[in-house]
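Chemist: Structure below; questions to follow.
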Amino acid sequence: MRVRAYRFRAYSSKTTARVLKTQLEVACKLYNALLHAEKEEYERNRHSMSKNELRQLALDLRKKNPEFQLLYSQVAQQVAERFYQARERFFDGLANKPKKKKPHRYLSLVYPQSGWRLCDVRDVGLEKTKRGKHGST
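Residue 82 is where the sequence shown starts when you use the numbering used here, and the numbers rise one by one after that.
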């Protein structure tokens, strides 16, 4: 049985695009706040935060700051997950140290419960499949 994956492009109105852009900016600010909190925690205790601590911190920041309340709680947790994965890639020697992000460089949001993600993808096409030794899929 073959599995097919389709990719669609959704067009939005100007108001929807503006709301999504503000959510991207807020997610970027949350990422930077988590980075700052992680640095402070390490300087104080010489201990980095776990994934669950980062997720809980993202939810606490969301409760305290009205600007962060524009994001859904699962999106805030996903931002914490993204920061945690970036930090782990750095510790594994696969990437540079996580650094402060600029709002115009933060390009995607993930809505885990909805099952879709919003990415700034410029080209839409079919995924390339890897072929075996003799050209079979």
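We put the beta carbon where it would ideally sit given N, CA and C, even for glycine.
Here the structure is a predicted model, which means the values were calculated and not measured.
1. In the DSSP assignment, find the alpha helix (DSSP H) that holds V50 and state where it starts and stops.
2. For L142, which residues in the same chain have their Cβ closer than 7 angstroms to its Cβ, ignoring the five residues on either side in sequence?
3. Closest to S154 by CA distance: which of H185, Q137, R125, D173 is it?
4. Measuring CB to CB, does F226 end up less than 8 angstroms from P179?
5. L135 and V107 look like a contact to me (Cβ under 8 angstroms); what is the Cβ gap, rounded to whole Å?
6. Can you give me the C-alpha to C-alpha distance between R85 and A98, rounded to a whole angstrom?
Modeler: In short:
1. Residue 50 lies beyond the residue range present for the chain, which begins at 82 and ends at 218; the question has no answer from this structure.
2. L111, A114, F149
3. Q137
4. Only positions 82 to 218 of the chain appear in this structure, which leaves residue 226 out of reach.
5. With 8 angstroms as the limit, L135 and V107 do not qualify as a contact, their Cβ atoms being about 17 angstroms apart.
6. 29 angstroms
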